[in-house]
Structure formats: structure tokens, C-alpha cells
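Top to bottom, those sequences are chains A and B. The numbering of the first sequence is my numbering, which starts it at 78 and goes up by one. The numbering of the second sequence is my numbering, which starts it at 1358 and goes up by one. We put the CB at the ideal spot given by N, CA and C, even for glycine.
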Amino acid sequence: MEIQKKSISKASLQKLIEKLNANGRKIIAPVKKENLVEFGFISGLEQMAEDYILTNQSAKSAAFPKFEKLFSYEVTKNGITQSDSGNTEFPELVLLGVRPCDADGFTSLSAIFTWDYHDTQYTDRLNKTTLISISCSKCDDYCFCTSVDGHPGNTKGSDIQLTRLESGDYLAEIITEKGITVMNLAPELFANAPAVEKEKYLALVPSRFKAGEIAGKIKSLFENDIWIEQSLRCLGCGACAFVCPACACFDIQDESKGKNGIRLRCWDSCGFSLFTLHTSGHNPREVQSQRWRQRLMHKFSYMPERLDVLGCVGCGRCSRACPVDMNIMEHLINISEVQA
Amino acid sequence: MNHQNLYLPYLMTIEKVTEEAPFVKTFRLKFKNEEEGSRFSFHTGQFGEYSVLGEGESTFCVASPSTRKGYIECTFRQMGRVTTALSNLEVGDTIGFRGPYGNVFPVDDWKGRNILFVAGGIALPPMRSVIWTCLDTRDNFKDITILYGARSVDALVYKHELKEWNERPDVNLVLTVDPGGETPDWNGQVGFVPTILDKLSPSCENTIAVVCGPPVMIKYSFPVLKRLGFEDENIFTTLENRMKCGFGKCGRCNVGKVFVCKDGPVFTLKQLNELPAEY
Chain A
78 MEIQKKSISK ASLQKLIEKL NANGRKIIAP VKKENLVEFG FISGLEQMAE DYILTNQSAK
138 SAAFPKFEKL FSYEVTKNGI TQSDSGNTEF PELVLLGVRP CDADGFTSLS AIFTWDYHDT
198 QYTDRLNKTT LISISCSKCD DYCFCTSVDG HPGNTKGSDI QLTRLESGDY LAEIITEKGI
258 TVMNLAPELF ANAPAVEKEK YLALVPSRFK AGEIAGKIKS LFENDIWIEQ SLRCLGCGAC
318 AFVCPACACF DIQDESKGKN GIRLRCWDSC GFSLFTLHTS GHNPREVQSQ RWRQRLMHKF
378 SYMPERLDVL GCVGCGRCSR ACPVDMNIME HLINISEVQA
Chain B
1358 MNHQNLYLPY LMTIEKVTEE APFVKTFRLK FKNEEEGSRF SFHTGQFGEY SVLGEGESTF
1418 CVASPSTRKG YIECTFRQMG RVTTALSNLE VGDTIGFRGP YGNVFPVDDW KGRNILFVAG
1478 GIALPPMRSV IWTCLDTRDN FKDITILYGA RSVDALVYKH ELKEWNERPD VNLVLTVDPG
1538 GETPDWNGQV GFVPTILDKL SPSCENTIAV VCGPPVMIKY SFPVLKRLGF EDENIFTTLE
1598 NRMKCGFGKC GRCNVGKVFV CKDGPVFTLK QLNELPAEY
């Protein structure tokens, strides 16, 4: 559908939040927590952080929580009873102030969770989530969305995108049916769009490499020593995967208390040595360089080849979170330059 | 769009427990819900996720043949948390099962060919499904040779079936145990599977080879088959990467661009040659 352009004032946005709350939707937005900005529930615009580049964690947990129940069970005298509450427990969410890269992260996640088998655990949550992104007027040295087909005003994945104008009002782009549904809750809050050029309000994120070229290149480097060089200091801590908006690897575990329990899934990482370890002791990816290679190959070669999407949106969170300062952007530039 | 929880297992009753070898058991499982059972079907080579609720899930191939309906069997060795919990169960107990997942052995394409099975240790179970599928439709195939080895005489699984295959005139069964694993009354071969395979030197003429075993056995058996003239596309194996979901989401069994759970577990050597050796 064609994007509708509107505008919304700060006061109207506050009213929209109240309206959404009254409508039974929970609102999640960037909130200041000590020196971090994280997603948290808000009931008013004043609680929302201003002046942030990115939240510490990505927005993915709205549809793919760090830890979620798959079903519950009870061991009874006659055997086992399993109960699946379906999607009835999933909340109606509105994510406000998500960055365009985070919204686009759902494109990668959706590709994984819907190819062939349809993972309703994920899709039901996503269907109940409306993403209102705010385009980026600032970036930092870790940002590289423009190198991976993204953009500070990229509307892919967002239902509505806001761009802050100098007047304090927002340009509101209504992108999807879900966006229209939100707008239609209070159409009077949306005014006609002023004649502005959106680009003018966006950060300038320099393009550092071309993801398309990396995809072809990286395959030929499988046996290259670059993986060893790049991963020498990797601790295998998995922080990169946990902050990544496009990482979908997970583990399945049981948690029981007496005769009751749940089967749950939780985030996992291909960077952990246990990830692929067989019970026999055999491990197909024994050393960290193989696991680092898997991380980049999966995101920049296997996913584009199999699912037609990249597994990276260029948010740079992995580089910010890395305790030993491995910078993915520098490593990718490195890969683009190395002679095969 | 199929709107069901992919993670919810079928509930199965353990109908029969067979002790195959020390720490190795076979369960015969029946669907608690008959309607689910009648809707269920699988093909040889596919696998499932077997669970003890509260402990977790384990991945095994369906060890029974697809030609026999109404039940499935799995054979496992007690190794970790889930298989230990499974081991402690008895006839009448309930377990969870998700599946069938993965691709299949293309037995229909093998009609009119000789079949050579090469198996080691606890890897006979996935192959047993194919062996019985072939034996249940015996007229479709020419010579059937089974080479099976284990660490010791004690560790050979499906002892009663080995006896049955040994007595059949239409099956050529060769058993071997690792040096030192033989007993005084052992009348089979002594030596590692690749060595015995070399000694046996089966003809590659019109023959499909199915190889399944620990990584080291597979590693040394492929070159023997190559030396005997087997083409890469006529050598089949089933990979045993660690898995969780079983349907290409959790990322664990990803090797190169394939997911062992989706694109496998059955691969030809030709397909393996195109993959990084991360299995």
C-alpha cells in the first residue's frame, strides 16, 4: 500500500498514547534507566527518553522474548496433561520510538520464523505488535545501516514512522494496515503533512561497504585465516547475539516444579561452544574462529542465499556491547578488502 | 497457514521396552490419541524429538520401518539428561514425540539395485528403518548386504534381528567387533568397520551404499567405497548434528546453507562434498 503522509504534534502524540492505553494496548518505548536507555512500559510521553541513538537492547523481544513459555504440562496419575494457552496470553503492544534498523530487524526474524514451518509463537506475537518507529536524526561511529541496505529513514518493518521536525511536531508516515488501525483510533490527532523534505531531518550515515558484495566474497573466504585473526580475542560470551535485532537462534528447555512445569525457549548463540556440542563429545564447531565464521557466514551468506534477507541491519549494537571491542563494521570492511 | 503450536508434542505410550545392549534400549510407542495416530505417517530416514517432560527433548531417527503402521520405535543409548530420564521409564509410561521431521532415504529410486549397508555402533537404529523397509519390499531390490560393527560383542544392538537377518538366505550379513571386543565364542569378523569393508570389497556395480556410524567410522569408510568405485551420488549417509526445534528455526544444525533438520538428515556424499565439514 502507498504510504500516507500526515503530521502529529507532541500534544497529540501524548493523547494518542492515552487513547492506545485506554484501548487496552501496552506501550513500550525507550526509557532512561540510570545511564542506559532501554525499552520499558510508559503511560505518558514524558516518560520516554529523548536524545538517544539506540536502546541498549533491540526491540526483538516484543515478538521473540528472551525467555518464553511454549506450553505447560502437568504430570497426573493418568499420565501427562499438556496445555497450550495459544496466543491468548500475548499482549497487544505498541512499540513507540523504535529505530528504523530495529523495525527492519523483524524482517530478518520473520524470514526465519516463517520459512517452511510457520512458527505461530513468533507470528502471533508480531501480529499483536504495532511498530511506531522514529527516524534517526543522529548516528554514531558504530552505525552502518547504509552499508546493509538500510537507511536512517527506512520504513521497512515499521507500521508508522515519525520524523521529528524543527517545530517539535512529527511527520507521520502511515505505512501498513496496522498503522492505519492505530491512526483510526483517533484520526483527529493527525493533521495534514506539511511540505517538508524528510531527508533533511535524517542523520548522514556513511556507507562503508556493500552488503551485496560481501555476500559473494565471504563464501570464497571459508578457509581463510581471517576468521582466526578476527576472533583471537573473542570470549564467546554471546553478548553480540543477545543485543542483535536479527539473531534468532534459540534453545528449548524444561522448567519444572514438582508435577507442574513449562517447556520454554530462550535466546541462544552460535558463538557458544555448547551450541553444537554432541553428547558424544564431538563438536562440529570446536574453536571460536569457526563459531565467529558461522556468525558472519549465516548473516551475510546463508541467509541471503536461503531466505533472501540479510541477517544484519547495521545497528552496531554487537560492537557497542562487545567486552573486547570487536567491531563488526571494521571486520566487514576488512573482509571486503581481503584478497581471497 | 497452519495455526498450531509446533512445539507441542504428541503424547505416546510406551508399549514395549527392549534391552538391546548395555545402556541401549528400544521403545515401541503408540499414540495416546488414536485419531492422531491414524493421521500420522512418516518415511524411512525421518527423525523426531522425543521428550520426557521436565527433562527435555532428544533427537533420534525413527528406528522402525515406514512399512509397519500403528507404532513407531526409537532406540537410544543412555548418555545425557534426557536419555537417562527415558531409560528410567517403563511400559505404560507416557513420553512426548514431535515429528516426523527431515528428508527421507529415496528407497523408491533404489528399485532394482543392490544395497550395501555399512553401520557402526549405535548408528544401526537409523539404518534399521531402511533395512526393514527394504526387506519388507524385498522383491524391489537385488542383493542386500549388511556390514555392521560395534566396539564389542556385547555392544551390538538388535541381537535378535541380527540373528534373523543372518538366517535369511536373501540377506548377506557380516558382523564385526573392534579388536579386543570379541568373546571366545565369537564367530564374526574382528576389526574396524572400514578395514572389514575393505576386506569384503563389495562390487560397486548397480549398488547403493548406505553408511551410518560415528564420525570416525564414516571418515574412513568413504575412501574405501571410493576406492571400490562407488560414485558420490550412490553413497548415502544420515547426519546427526545436534538439534532442538527440528524444523529449521533454532539454528543449531546449520551447516553451510543447509539445515540438517530440514535439508537432511539424509545426504549423499556428493551433497556432503559441497558443504563445509561442520558435522
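(request) Can you give me the start and stop residues for the beta strand (DSSP E) that I211 of chain A sits inside? (result) Numbered from 1 along the first sequence, position 134 holds the residue referred to as residue 211 of chain A. Where I211 of chain A is concerned, the enclosing beta strand (DSSP E) stretches over T206 to I211.
(request) Output yes if chain A places a C-beta closer than 8 Å to the C-beta of G1605 of chain B; else output no. (result) Numbered from 1 along the second sequence, position 248 holds the residue referred to as residue 1605 of chain B. Cβ-Cβ to chain A under 8 Å: yes for G1605 of chain B.
(message) By the three-class DSSP mapping on this structure, what secondary structure does R1508 of chain B have?
(response) Looking up residue 1508 of chain B in the second sequence gives position 151. Looking at R1508 of chain B - three-state DSSP - the assignment turns out to be coil, as it is neither helix nor strand.
(request) Find the nearest neighbour of A1512 of chain B within the set B:L1481, B:G1469 and B:K1389, judged by alpha-carbon distance. (result) Within the second sequence, the letter at position 155 stands for residue 1512 of chain B. Selected option, being the one with the closest Cα: B:L1481.
(request) Quick one: measure Cβ to Cβ for G1570 of chain B and A1476 of chain B, integer angstroms, because I've assumed they're closer than 8 Å. (result) Counted from its first residue, the second sequence places residue 1570 of chain B at position 213. Counted from its first residue, the second sequence places residue 1476 of chain B at position 119. The Cβ separation is near 6 Å, so the contact holds.
(request) Pick out whichever of A:L373, A:C399, A:P400 and A:R397 has its Cα sitting closest to the Cα of L387 of chain A. (result) On the first sequence, position 310 is the one that residue 387 of chain A refers to. The residue with the shortest Cα to Cα distance from L387 of chain A is A:L373.
(request) Reducing DSSP to helix, strand and coil, say where Y1515 of chain B ends up. (result) Along the second sequence, read from residue 1 onward, the residue named residue 1515 of chain B stands at position 158. Correct three-state label for Y1515 of chain B: coil.
(request) Would you list, in sequence order, the uninterrupted beta strand (DSSP E) runs of no fewer than 3 residues that lie entirely inside the stretch 163-247 of chain A? (result) 170-175, 206-211 and 237-241
(message) Can you list, in chain order, the residues of its chain with a C-beta nearer than 6 Å to that of F183 of chain A? Leave out the 5 residues immediately preceding and following it.
(response) The sequence position of residue 183 of chain A within the first sequence is 106, counting from 1. For F183 of chain A, where only same-chain residues beyond five positions count, the Cβ hits under 6 Å are G234.
(request) Could you list which residues in chain A have their beta carbon closer than 9 Å to that of N1598 of chain B, in chain order? (result) What you label residue 1598 of chain B is simply residue 241 of the second sequence in a count that begins at 1. What N1598 of chain B touches in chain A: T353, H355 and P361.
(request) Give the straight-line distance between the Cα atoms of D402 of chain A and S1421 of chain B, rounded to the nearest whole angstrom. (result) By 1-based counting over the first sequence, the position of residue 402 of chain A is 325. By 1-based counting over the second sequence, the position of residue 1421 of chain B is 64. About 52 Å.
(request) Determine the DSSP secondary structure at L262 of chain A, reduced to helix, strand or coil. (result) Counting from 1 along the first sequence, the entry for residue 262 of chain A is found at position 185. L262 of chain A: helix per DSSP, three-state reduction.
(request) Grab the span of the alpha helix (DSSP H) containing C343 of chain A for me, first residue to last. (result) Your numbering for residue 343 of chain A matches position 266 in the first sequence. Careful: C343 of chain A lies outside any alpha helix (DSSP H), inside the beta strand (DSSP E) at N337 to W344.
(message) Tell me which residues share the same chain as K1468 of chain B and place their Cβ nearer than 6 Å to its Cβ, disregarding the 5 neighbours each side in the sequence.
(response) Working through the second sequence from its first residue, we reach residue 1468 of chain B at position 111. If we look at K1468 of chain B and ignore the five residues flanking it on each side, its Cβ neighbours are N1497.
(request) Would you check if the distance between the CB atom of R1455 of chain B and the CB atom of G1605 of chain B is smaller than 8 Å? (result) Translated into positions along the second sequence, residue 1455 of chain B becomes position 98. Translated into positions along the second sequence, residue 1605 of chain B becomes position 248. No; because the gap between Cβ atoms is not below 8 Å, this pair is not in contact.
(request) Go to T356 of chain A, then tell me how far its beta strand (DSSP E) extends in each direction, as first and last residue. (result) Position 279 of the first sequence, counting from 1, holds the residue named residue 356 of chain A. Premise fails: T356 of chain A is in no beta strand (DSSP E) and is neither H nor E.
(request) Just list the beta strand (DSSP E) runs in the stretch 287-337 of chain A, keeping only unbroken ones of 3 residues or longer that don't cross its boundaries, in chain order. (result) 327-334
(message) Looking at the secondary structure, which residues open and close the alpha helix (DSSP H) in which I94 of chain A lies?
(response) Within the first sequence, the letter at position 17 stands for residue 94 of chain A. Segment K87 to A99, the alpha helix (DSSP H) holding I94 of chain A.
(message) Looking at V282 of chain A: is its Cβ nearer than 8 Å to the Cβ of C321 of chain A?
(response) The sequence position of residue 282 of chain A within the first sequence is 205, counting from 1. The sequence position of residue 321 of chain A within the first sequence is 244, counting from 1. Cβ atoms of V282 of chain A and C321 of chain A: not closer than 8 Å.
(request) Measure the C-alpha to C-alpha separation of R1590 of chain B and T1625 of chain B and round it to an integer number of angstroms. (result) If you number the second sequence from 1, residue 1590 of chain B lands on position 233. If you number the second sequence from 1, residue 1625 of chain B lands on position 268. Sequence check: residue 1590 of chain B is Glu here, not Arg. E1590 of chain B and T1625 of chain B: Cα-Cα distance of roughly 5 Å.
(request) Kindly indicate the opening and closing residues of the alpha helix (DSSP H) around A280 of chain A. (result) Taking the first sequence and counting its residues from 1, one reaches residue 280 of chain A at position 203. That residue, A280 of chain A, is in no alpha helix (DSSP H); it is neither H nor E in DSSP.
(message) Determine, for R1609 of chain B, whether the minimum Cβ-Cβ distance to residues of chain A falls below 8 Å.
(response) Start at 1 with the first residue of the second sequence, and residue 1609 of chain B comes out as number 252. Output row for R1609 of chain B: interface = yes.
(message) Run through chain A and tell me which residues come within less than 8 Å of N1362 of chain B, C-beta to C-beta.
(response) In the second sequence, residue 1362 of chain B corresponds to position 5, counting from 1. By Cβ distance, chain A contributes L147, F148, D161, G163, T197 and Q198.
(request) With a threshold of 7 Å, establish whether the CB of F319 of chain A neighbours any heavy atom of the ligand GTP. (result) Of the ligands one can find in the structure shown there are none, so the ligand GTP has no counterpart to examine.
(request) Using a cut-off of 9 Å between C-beta atoms, extract the partners of C347 of chain A located in chain B. (result) The residue labelled residue 347 of chain A in the question sits at position 270 within the first sequence. Neighbours of C347 of chain A on chain B, chain order: G1608, R1609 and N1611.
(request) Below 7 Å CB to CB, which residues in the same chain sit around I295 of chain A once its five sequence neighbours on both sides are set aside? (result) Residue 295 of chain A sits at position 218 when you count from the first residue of the first sequence. Closer than 7 Å at the Cβ level, and outside the excluded window around I295 of chain A, lie L373, M374, F377, S378 and I412.
(message) In the DSSP output, which residue or residues are listed as bridge partners for S160 of chain A?
(response) In the first sequence, residue 160 of chain A corresponds to position 83, counting from 1. DSSP output for S160 of chain A lists A:S149 as bridge partner(s).
(request) Scan the stretch 1542-1616 of chain B and note each continuous beta strand (DSSP E) run of 3 residues or more that stays entirely inside, going in chain order. (result) 1564-1569 and 1592-1595
(message) Pairs of beta-carbons, one from the stretch 149-166 of chain A and one from the stretch 1358-1373 of chain B, closer than 8 Å: are there three or more?
(response) yes
(request) Starting from M374 of chain A, trace the alpha helix (DSSP H) both ways and give me its first and last residue. (result) The count along the first sequence starts at 1 and reaches residue 374 of chain A at position 297. Where M374 of chain A is concerned, the enclosing alpha helix (DSSP H) stretches over Q365 to M374.
(request) State yes or no: is the beta carbon of R202 of chain A nearer than 8 Å to at least one beta carbon in chain B? (result) Residue mapping note: residue 202 of chain A aligns to position 125 of the first sequence, counting from 1. With 8 Å as the cut-off, R202 of chain A does not count as an interface residue toward chain B.
(request) Inspect the CB distances between the stretch 1531-1541 of chain B and the stretch 1504-1523 of chain B and report whether three or more fall short of 8 Å. (result) yes
(request) With DSSP as the reference, label K1619 of chain B as helix, strand or coil. (result) Within the second sequence, numbered from 1, the residue matching residue 1619 of chain B stands at position 262. Here K1619 of chain B sits in helix by DSSP.
(request) Tell me whether the beta-carbon of E1635 of chain B lies closer than 8 Å to the beta-carbon of V1615 of chain B. (result) The sequence position of residue 1635 of chain B within the second sequence is 278, counting from 1. The sequence position of residue 1615 of chain B within the second sequence is 258, counting from 1. No, the pair does not count as a contact, with Cβ atoms beyond the cut-off.
(request) Quick one: give me the first and last residue of the alpha helix (DSSP H) that N1390 of chain B is part of. (result) On the second sequence, residue 1390 of chain B is found 33 positions in, with the first residue counted as 1. Counting along the chain, N1390 of chain B falls outside any alpha helix (DSSP H), and DSSP gives it neither H nor E.
(request) Give the residues of chain A in contact with C1569 of chain B, contact being defined as C-beta atoms less than 7 Å apart. (result) As a first step, residue 1569 of chain B must be located in the second sequence, where it is residue number 212. Ordered by position in chain A, no residue passes the 7 Å Cβ test against C1569 of chain B, which lies about 14 Å from the chain.
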